[in-house]
Amino acid sequence: MTLDDEIRIITEQEAALQFSTFNADTAWELGSRLRTLVVKDSRPTAFGIWMGGQTLFYAATPNVAPGNEDWVRRKRNTVVRFAKSSFRVGKELARQNTTLEVRQGLTLAEYAAHGGGFPLTLRGSGCLGAIVLSGLTQPEDHEIVVTAIADQLGVTVPRLEI
């Protein structure tokens with residue numbers, strides 16, 4: 504799969520995975536669904552859901568690395584800044600052979616263009632916040648988040664090869 508194919512698929516995922524409503528109850532259900540996905544395979548992760556600067560859900564599983572909370576924060580910042588998945592931002596930068604620092608003047612201490620952050624988009628309104636997972640490989644972080652959202656919405660989306 505080429506870089507352009509990956510960017511196309513991620514863009515299609517973002518277009519398909521939009522909510523008609525989203526509130527704290529939705530976040531709890533989505534966060535619980537995400538936790539179920541990572542716990543069943545004993546995956547060491549940290550993850551959360553934010554909307555409008557408010558933390559609606561946050562959890563970690565056993566054996567998660569101490570630095571994963573910071574990765575979650577940095578991926579969240581990237582999603583909120585660009586209103587697209589952190590994985591897509593990273594892939595687009597790779598296609599341009601550049602970085603967040605060079606292209607946008609953003610510090611890597613505050614932003615991460617790595618898989619795992621996904622926009623919470625309200626259909627017809629835009630990006631409300633982010634759902635973020637950290638602890639696995641970039642493609643795994645991304646695809647687990649996509650799976651949780653797709654399952655919650657009851658939709659099928661194209662998938663990346665992991």
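Residue numbers (the numbering used here): 504 to 665.
Ideal Cβ positions, reconstructed from N, Cα and C, are used throughout, including at glycine.
Pick out the complete beta strand (DSSP E) segments inside the region 514-577, 3 residues or longer, and give them in chain order.
-> 549-554 and 557-563
Going by alpha carbons, who is nearest to T602 out of A616, K543 and T539?
-> A616
What does a CB cutoff of less than 8 Å around L533 pick up in its chain, not counting 5 residues either side in sequence?
-> I552, F560, I634, A651, I652 and Q655
Cβ-based neighbour list, I665, same chain, cut-off 8 Å, excluding 5 preceding and 5 following = T640, P642, E643 and E646
Give the straight-line distance between the Cα atoms of A568 and S545, rounded to the nearest whole angstrom.
-> 14 Å
Neighbour-count burial assignment, R626, 16 or more Cβ in a 10 Å radius | exposed
Report the partner residues of T624 according to the DSSP bridge assignment.
-> Q521 and C630
According to DSSP, residues forming a beta bridge with V635 = G551 and G620
Are the region 508-525 and the region 573-585 touching by the rule of at least three beta carbon pairs closer than 8 Å?
-> no
Closest by C-alpha distance to G570, when choosing among G555, T548, T558 and M554 = T548
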